[in-house]
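Enquirer: Quick one: this structure, given as structure tokens, is what I'll be asking you about.
Numbering (my numbering), first residue to last: 10 to 247.
Below, the structure is given as structure tokens:
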């Protein structure tokens, strides 16, 4: 019942079909007559607002001290309903800061094809920051810029795969192989240090980490608040 403490995993859970179904059902029912319950207590939570600014609510109906059910919502309605608050936080981010929302989608969504929709936007964001933090960028040859752009894509993939922060980073050899086999860009492994690629790689790590931290901060806050609400609910239901 509690939300995962990993914001990336929570982000992915919030985009499972069941949560989207339940969010839509709750929104529709919030605009209609409530379900009549002859006994028990009902508590409605305001989870946030959808893309059109309409309220997204979630109502729990306590049937007994040990049992509670959510409102009806059709197929998938009961699946992961606790993640609706995270879905709402993401929807708000999409409206207010689409750049960070794109970063979150790229890093978090389980469906690679779905996540790839945001690849180019995130790439452009990272490239812009890399250029602004590299005073000599204007003096670089086009070949060097191409290799730096290949490193951006490699770093994006490495960091996307590191969901829990426990995976070891790629070795220079692995980075060079990725650039060559997947991007068609040749970076000489033996020149990794003398050509300054290690510095570029580390800077890219800092850039992406900063973006991830900013994107996940509101999700972490939502997780904490929601888990507190769930804990309080269980205490009162006991």
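Cβ coordinates follow ideal geometry from the N, Cα and C atoms, glycine included.
1) Among residues of its own chain, excluding the 5 on either side of residue 172, which ones have a beta-carbon nearer than 6 Å to its beta-carbon?
2) Three-state secondary structure (DSSP) at residue 13?
3) Does DSSP classify residue 187 as helix, strand or coil?
4) If you run the structure through DSSP and keep just helix, strand and coil, what is residue 222?
5) Apart from the five residues just before and just after residue 111, which ones in its own chain have a Cβ nearer than 7 Å to its Cβ?
6) Are residue 92 and residue 22 touching if we call contact CB-CB under 7 Å?
7) Kindly give me the distance between the Cβ atoms of residue 161 and residue 136, rounded to whole angstroms, as I take these residues to be in contact under 8 Å.
8) Rounded to whole angstroms, what's the CA-CA distance from residue 217 to residue 208? Just pull it up for me.
9) Would you call the region 134-151 in contact with the region 195-204, where contact means no fewer than 3 C-beta pairs closer than 8 Å?
10) Answer yes or no: do residue 116 and residue 219 have a C-beta to C-beta separation smaller than 7 Å?
11) Quick one: grab the DSSP three-state call for residue 156.
12) Between which two residues does the alpha helix (DSSP H) containing residue 124 stretch?
Expert: Reading it off the structure:
1) 17
2) coil
3) helix
4) helix
5) 127, 130, 131
6) yes
7) 6 Å
8) 14 Å
9) no
10) no
11) helix
12) 121-124
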